[in-house]
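My numbering numbers the first residue of the sequence shown as 388 and each following residue consecutively. Every residue gets a Cβ at the ideal spot worked out from N, C-alpha and C, and that includes glycine. I have placed the structure first, in the form of structure tokens, so that the comments after it can refer back to it.
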Amino acid sequence: MPAVSLSSANHQPTQNFEVRPFSAAVGAEIVGLDLSRPLNDADFARVHQAHLDYNVVVFRDQRITPQQQIDFSRRFGVLQIHVLKQFLLANHPEIFIISNIKENGQPIGLGDAGKFWHSDLSYKEFPSLGSMLYAQELPEEGGDTLFASQQLAFETLPAELRQAIDGKRAAHSYTARYADEVFAGIRRPTLTEAQLAEVKAVVHPVVRTHPETGRRGLFVNENFTTHILDVPEDESRQILAELYAHSAKPEFIYRHQWQDGDMVFWDNRALIHLATGCPSHLRRRMHRTTIQGDVPF
């Protein structure tokens, strides 16, 4: 009889941790879990369920290496490599650096990431399942991240607006607002032909069904969505403007105020998020891994 092969993670002892929901529309913190140790299957299942239940989970007091962040992220799926290769962590291309820090006059990461509401990589054929953002260096003020439930947004849509988007599809493009410097004041690097080839526009449903929970939610965002197909241009602009205004209502939002050791894992299939920014003279550095999801339906 052949031996049964068990992953080394299955031999790990169970960790004693708590999942504590926030009072906001989404979000929970996970306290007492050490991500520097591989999770056994039972602990991983608890984390996975918390992510589905609360859409954004905050792992507190983490001290992990880049490889440990990558290994944990990979348990949820294939990792996606960002098109801006110059901001990938050396020897760890799965980690995308988000930072306003410059060394030798050059930015070490993307300094203006997330200045518009968005779902990560909605411009890809296989948009992100979720992202993990790990705090490396935090500013003394500012730097909060907002998360808005697009499932609650859909469920509370006015009937007329819901009817207007029924069965509709929308185009998404990485370059939609790429050069828009309205909030950022930072000039982004010019994309090469090879980079542009990686981010060709795609089409997704305006309302998507979550592949694991079956819950429906809006799947358009002001950063990457360019237009709704099969409606006049002015009507598309009007519908999108109304959707954007509705999707970021305060009652749908959790505001994350970063603490040292935080790693935040959010569900891009259920949320949009926004970086509030921080004073430019204060250093901020974050490490992001992004997990590939399914084709939206």
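- In the DSSP annotation of this structure, the continuous segment of the alpha helix (DSSP H) that includes residue 438 starts and ends at 428-441.
- At a Cβ-Cβ threshold of 9 Å, residue 537 and residue 634 count as neighbours.
- Residue 486 has its alpha-carbon roughly 4 Å from the corresponding atom of residue 672.
- By the C-beta density criterion, residue 554 is exposed, having fewer than 16 other C-beta atoms within 10 angstroms.
- In the three-state scheme derived from DSSP, where H, G and I count as helix and E and B as strand, residue 502 is classed as coil.
- Each of 437, 582, 682, 432 was checked against the Cα of residue 415, and the nearest Cα belongs to 437.
- In chain order, 510, 558, 559, 560, 613 place their CB closer than 8 Å to the CB of residue 588, counting only its own chain and leaving out the 5 sequence neighbours on each side.
- Under the criterion of beta carbons closer than 8 Å, residue 609 and residue 631 qualify as touching, at roughly 5 Å.
- The shortest C-alpha to C-alpha distance from residue 427 to any of 616, 403, 448 is the one to 403.
- By the CB criterion at 9 Å, residue 517 and residue 654 fall inside the cutoff.
- Residue pairing by DSSP places residue 604 opposite 595 in a beta bridge.
- The continuous alpha helix (DSSP H) containing residue 458 extends over residues 453-461.
- Of all C-beta pairs linking the stretch 522-539 to the stretch 662-681, three or more are shorter than 8 Å, placing the two stretches in contact.
- Under the rule that a run must span 3 or more residues, the beta strand (DSSP E) segments found entirely inside the stretch 505-569 read 515-524, 532-536, 556-559.
- Looking at the DSSP output, residue 483 bridges to 475, 675.
- Separation of residue 421 and residue 482 (C-alpha to C-alpha, rounded to the nearest whole angstrom) is 20 Å.
- In the DSSP assignment, residue 669 falls outside any alpha helix (DSSP H), carrying neither H nor E.
- The alpha-carbon of residue 411 is positioned some 25 Å away from that of residue 463.
- Residue 639 sits in a helix when the DSSP states are folded into three classes.
- DSSP places residue 632 in the helix class (H, G or I) of the three-state scheme.
- For residue 659, the enclosing beta strand (DSSP E) covers residues 658-662.
- Of the other Cβ atoms in all chains shown, 16 or more fall within 10 Å of the Cβ of residue 532; this residue is therefore buried.
- Just so you know, the alpha carbons of residue 663 and residue 529 end up roughly 7 Å apart.
- Bridge partners of residue 651 according to DSSP: 445, 520.
- When beta bridges are read from the DSSP output, residue 615 appears opposite 557.
- Around the beta carbon of residue 684, fewer than 16 other beta carbons sit within 10 angstroms, so the residue counts as exposed.
- Within its own chain, the residues whose Cβ lies closer than 7 Å to the Cβ of residue 659, once the five positions on either side in sequence are excluded, are 504, 505, 506, 535, 537, 608, 634, listed in chain order.
- Partner residues in the beta bridge of residue 405, as assigned by DSSP, are 418.
- For residue 513 and residue 465, the gap between their C-alpha atoms comes out near 11 Å.
- Around the CB of residue 460, 16 or more other CB atoms lie within 10 Å, so the residue is classed as buried.
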